[in-house]
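Colleague:
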């Protein structure tokens with residue numbers, strides 16, 4: 001069996017904390033998405049690549065005691081963290097399972113709703129992940145994907161150190177088969193799979209000094225440091241300088257960051273007599 005891709009940002013305590021805060025930061029948009037789809041009490045839902053929380057809390061509340069939620073992740077440490085989150089929040093209808101997003105081992109055509117957020121941008125096989133996610137949903141069920149496109153990720157006032165660091169981060173991810181512009185591709189990928197009534201929305205949050213993702217390029221640079229040096233994308237001294245100067249620039253009260261464009265895309269699995277690649 002080929003080695004399955006692991007989460008590129010790791011499973012440290014700091015990454016767990018960031019992901020928990022990220023879930024809270026993106027909660028209003030996730031609530032809007034679930035409202036549009038109309039997730040119902042009694043539904044069976046799966047959150048693919050849920051990490052330490054994902055949208056498990058939101059799904060748990062929507063499907064209620066008569067429904068069931070499965071959180072899937074391929075990192076045992078992330079699932080351990082997730083169990084703590086589930087216990088702390090008292091999510092009685094949530095079950096966490098270890099499995100690969102592209103080969104989950106979960107039953108086919110079983111779930112009413114399948115969701116993945118910020119998974120495709122972190123895997124080299126997004127088509128396989130989407131195919132697997134869609135296969136888990138029953139005919140008439142819904143697949144919803146939330147993922148980003150770095151096209152809008154910039155800071156104001158602009159700074160050459162920002163541009164340099166983003167180009168380095170793009171290159172280190174591209175070298176590992178990751179697409180930082182995956183968000184815009186998702187609607188077409190769902191159409192290709194045969195999903196129908198595909199809908200989408202995109203938005204770009206604004207971050208200021210002290211906000212969660214204001215310093216995210218610097219956080220990523222720290223996580224990818226060894227890979228950046230290994231790929232000879234810059235020297236260690238240059239990377240240290242980039243991080244220091246940019247950190248100072250982003251800390252100014254008048255500096256803000258336009259975050260990556262977050263695409264919310266959802267579609268329905270055909271019920272019958274409709275062509276599908278699933």
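Residue numbers (my numbering): 1 to 278. Cβ coordinates follow ideal geometry from the N, Cα and C atoms, glycine included.
Where does residue 77 fall in DSSP's three states?
Modeller: helix
Colleague: Which of the three DSSP states, helix, strand or coil, is assigned to residue 263?
Modeller: strand
Colleague: Hey, quick one: how far does the beta strand (DSSP E) through residue 98 stretch, first residue to last?
Modeller: 94-98
Colleague: Less than 9 Å between the beta carbons of residue 65 and residue 93, yes or no?
Modeller: yes
Colleague: Note down the Cα distance separating residue 265 from residue 226, rounded to an integer number of angstroms.
Modeller: 34 Å
Colleague: Beta-carbon separation of residue 67 and residue 47 under 9 Å?
Modeller: Pairing residue 67 with residue 47 gives a Cβ-Cβ distance that is not under 9 Å.
Colleague: Can you check which of these residues, 256, 128, 248, is closest to residue 152 by C-alpha distance?
Modeller: 256
Colleague: Please classify residue 220: does DSSP put it in a helix, a strand, or coil?
Modeller: helix
Colleague: How would you call residue 108, buried or exposed, if buried means at least 16 neighbouring beta carbons within 10 angstroms?
Modeller: exposed
Colleague: Cutting at 7 Å between CB atoms, please list the residues of its own chain near residue 43, excluding the five before and the five after it.
Modeller: 63, 67, 112, 113
Colleague: Under a Cβ-count criterion, where at least 16 other Cβ atoms within 10 Å of its own Cβ denotes burial, should residue 252 be classed as buried or exposed?
Modeller: exposed
Colleague: Who are the near neighbours of residue 199 in its chain, counting only those whose CB is closer than 8 Å to its CB and skipping five residues on each side?
Modeller: 36, 265, 266, 267
Colleague: So the alpha helix (DSSP H) residue 32 belongs to, where does it begin and stop?
Modeller: 27-37
Colleague: Please determine, among 105, 28, 110, 144, the residue with the shortest C-alpha to C-alpha distance to residue 120.
Modeller: With distances taken between Cα atoms, residue 120 lies closest to 144.
Colleague: What are the start and end residues of the beta strand (DSSP E) that includes residue 141?
Modeller: 137-149
Colleague: State the Cα-Cα distance for the pair residue 188 and residue 167, rounded to the nearest angstrom.
Modeller: 26 Å
Colleague: Going by C-alpha to C-alpha distance, which of 241, 101, 118, 182 sits closest to residue 136?
Modeller: 101
Colleague: Rank 163, 141, 106 by C-alpha distance to the C-alpha of residue 38 and give the top, closest one.
Modeller: 141
Colleague: Enumerated in chain order, which unbroken segments of the beta strand (DSSP E) with a length of 3 residues or greater are wholly contained in the stretch 149-237?
Modeller: Every beta strand (DSSP E) of 3 residues or more that sits fully in the stretch 149-237 is shown, in chain order, as 154-156, 196-203, 206-208.
Colleague: So residue 105 packs on residue 99, CB below 8 Å; how close in whole Å?
Modeller: Contact flag correct, Cβ pair sits at about 5 Å.
Colleague: By how many angstroms is the C-alpha of residue 161 removed from the C-alpha of residue 61?
Modeller: Using only the alpha carbons, I get a separation of about 43 Å.
Colleague: Sort 23, 249, 49, 32 by Cα distance to residue 74 and report the nearest one.
Modeller: 49
Colleague: From 77, 260, 78, 29, pick the residue whose C-alpha is nearest to that of residue 179; which is it?
Modeller: 260
Colleague: Assign residue 24 to buried or exposed, taking buried as 16 or more other Cβ atoms, counted over all protein chains shown, within 10 Å of its Cβ.
Modeller: exposed
Colleague: Identify the continuous beta strand (DSSP E) that holds residue 46 and give its terminal residues.
Modeller: 44-48
Colleague: So, are the CB atoms of residue 56 and residue 31 less than 9 Å apart?
Modeller: Cβ atoms of residue 56 and residue 31: not closer than 9 Å.
Colleague: I need the DSSP call for residue 248, collapsed to helix, strand or coil.
Modeller: helix
Colleague: If you draw a straight line from the C-alpha of residue 204 to the C-alpha of residue 132, how long is it?
Modeller: 28 Å
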